[in-house]
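When the letters of the first sequence are read in order and numbered with the working numbering, they come out as residues 76 to 540. By construction, the Cβ of each residue, glycine as well, lies at the ideal position given by its N, Cα and C atoms. Keep in mind it's a predicted model, so treat the numbers as computed, not measured.
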Amino acid sequence: MSKVRVRFAPSPTGYLHIGGARTALFNFLFARRHQGAFILRIEDTDTVRSTQKSVEEILNAMRWLGLSWDEGPYYQSERFSLYQEKVQQLLREGKAYRCYCTSAELDQKREQAMAEGRKPKYDGTCRQCGEHIEGKPFVVRFRSPDSGATTFNDLIKGPISVQNDELDDIIIQRTDGTPTYNFVVVVDDVEMGITHVIRGDDHVNNTPRQILMYQALGAPLPSFAHVPMILGADKTRLSKRHGATSVMSYEEMGYLPEALVNYLVRLGWSCGDQEIFSMEELIAKFSLENVGRSAGVFNPEKLLWLNSHYIKSGDPQRLGRLLQRHLERMGLSVPRPENLPAVVALFRERDKTLEEMAKSAAFLFRDKPEMEEAAEKKFLTEANRGLFETIIHYLEGCEPFTHDAVEQCVEKIMAETGLKMGKVAQPIRVAITGGTVSPSVFEILPILGREETLKRLQSALALLK
RNA sequence: GUCCCCAUCGUCUAGCCCGGCCUAGGACACCGGCCUUUCACGCCGGCGACGGGGGUUCAAAUCCCCCUGGGGACGCCA
């Protein structure tokens, strides 16, 4: 059996989005699963809309997700001579022809056909006129058969068949001499020895005409696998209207790449009842047979759940480094990064994203807590003055300043004041964090240190009303 | 409009290919309880689906047909 070769072929007209990422992921997993090659090809034949910046962004997102490629990136814009050669070949063999219709004429015909309820397909005006009109601009069209049917067996959807008379004589070379997508994709897939074309559902309709071109080129057919679309909550194609669609925006929002990968792979693929997969497991278990046939709705809640799972179970050292980035993006400095794993340990059970964690932990990195008005009003009251003085008194003598020692201290305060835990802990929490929500005070006080703790309690004393 | 594809809880899905084990399983979300120094986590329980109609069969979520619904494609974009 020949070696599996698959490719991901994004067009660099924007960032890598969720749908593209899943297609890339499926290709990657399929390649790894079969010890094949994963090839990256940049489809930039549209020289007007393609940008190098988009290429960089896409590569970055791929790296972030851990989708490493074995070959490329190849740029189609650097292969124009190859395509032109192939166009000439088809022209010579009569499998393609020059078309002198202008785009204005075509637009008009298309519109009219639609209005009359006909399929808006090219009417074949230039099909027969074989002569070369000197000086007049032309496009090159692929001559597709007007009878018979083209059938292929999609690895995901099963047999798909289209009548050839449904197929247009599509343009394969523009007036300016540049080739178009449906042609270059075939030339390159042939040239690069692609064995399996795994791509989005939206290409199903292109497949029959591409098959015709494989045949015209005398090339063997690859297998095709069309993965279903990803929809938004309203069941229309996922777009910005449904929220963030850029892969890297999830990084910014504090998501872990393994969470996105895990989410994306389960959107459309399954392995019994299993929900959590490491990349290694995915490589071992992924198969196209278990990819579903119907479109799926992107569910941010489930992604969030997976993210919280990976935050809870991830390596604190690594999470600490990532947390640092988010803290710094908030404008906070981290003087002692070596404490970050301990900070992660404090918050990993309660925060679902690194962004949330950075916000929750921010009080540790500020000079003084940002007071929430409601919390201040409720707990920093004149009536609590005595309590705060007692707290300060005991904490000053708390030695060492550890979880257990602080806990013992608080117990003494409870005994002396006759207050319950909640009545003692909440005022401390507000004074220290500025809010009513945080990890255990026994945990946060030692992290903050005695000096800073007392400083904040003293400041609170000054705020009592 | 034409063509292609799809159809199990609100959502992702298992089961469907090789009909009976399905009074349809899991997960997210939601609701209730427990735990508790706040908020979470966690644990326990609950709600909740085979789109409709015809067949085939002793038996259909599973096979066939129609309808309906949804998505996609119809570019000198990819």
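Cutoff 6 Å; reference residue i; Cβ partners in own chain excluding five residues on either side
| i | result |
| --- | --- |
| L520 | V481, T528 |
| T477 | P521 |
| I386 | R423 |
| L287 | S219 |
Cutoff 8 Å; reference residue i; Cβ partners in own chain excluding five residues on either side
| i | result |
| --- | --- |
| H207 | R173 |
| A112 | K78, V79, R80, V81, A106, D145, E146 |
| A436 | L398, L402, V418, L421, F422 |
| I522 | N414, A417, V418, L421, L439 |
| W139 | V322, M323, E326, P332 |
| L306 | R312, L313, A370, G371, V372, F373 |
Cβ-Cβ separation, residue j to residue i (assumed contact under 8 Å), whole Å
| i | j | result |
| --- | --- | --- |
| G94 | G275 | 6 Å |
| D221 | D240 | 5 Å |
| R504 | S513 | 6 Å |
| V262 | L100 | Contact flag wrong, Cβ pair sits at about 26 Å. |
| C484 | L470 | 6 Å |
| L230 | L407 | That pair is no contact at about 50 Å. |
Counted within 10 angstroms of its Cβ, other Cβ atoms place residue i as buried (16 or more) or exposed
| i | result |
| --- | --- |
| K211 | exposed |
| M137 | buried |
| N374 | exposed |
| H468 | exposed |
| L538 | exposed |
| R423 | buried |
| Q392 | exposed |
| N365 | exposed |
| D442 | exposed |
| R404 | exposed |
| K161 | buried |
| R460 | exposed |
| Q110 | exposed |
| N280 | exposed |
| Q203 | exposed |
| G329 | buried |
| V123 | exposed |
Closest by C-alpha distance to residue i, when choosing among the options
| i | options | result |
| --- | --- | --- |
| D479 | E518, A500, P254 | E518 |
| V259 | F440, S152, F463 | S152 |
| M446 | Q349, T511, N257, G223 | T511 |
| C176 | L378, D240, R441, T250 | T250 |
| K194 | V516, A179, L242, E168 | L242 |
| S143 | H109, F103, G268, D121 | F103 |
| V130 | E160, G169, S86 | S86 |
| T88 | R97, L100, Q110, L134 | L134 |
| E550 | H109, V322, F438, T477 | For the chain, the structure presents residues 76 to 540; residue 550 sits outside this window and is missing. |
| S388 | P416, T122, S236 | P416 |
| L342 | A84, T98, L91, T282 | T98 |
Cβ neighbours of residue i in the same chain (closer than 7 Å, five flanking residues each side left out)
| i | result |
| --- | --- |
| A171 | V162, L165, V215, R216, F217, R218, I247 |
The segment 112-129 in contact with the segment 150-164 per 3-pair CB rule at 8 Å: yes
Report yes or no: do three or more beta-carbon pairs, one from the segment 269-284 and one from the segment 325-340, lie closer than 8 Å? no
How do the segment 391-407 and the segment 426-446 stand: do at least 3 beta-carbon pairs fall below 8 Å, yes or no? yes
Please determine if the segment 499-510 and the segment 401-414 are in contact, where contact requires at least 3 C-beta pairs separated by less than 8 Å. no
At least three beta-carbon pairs within less than 8 Å, the segment 449-459 to the segment 339-353: no
So, do the segment 301-319 and the segment 276-284 have three or more beta carbon pairs nearer to each other than 8 Å? yes
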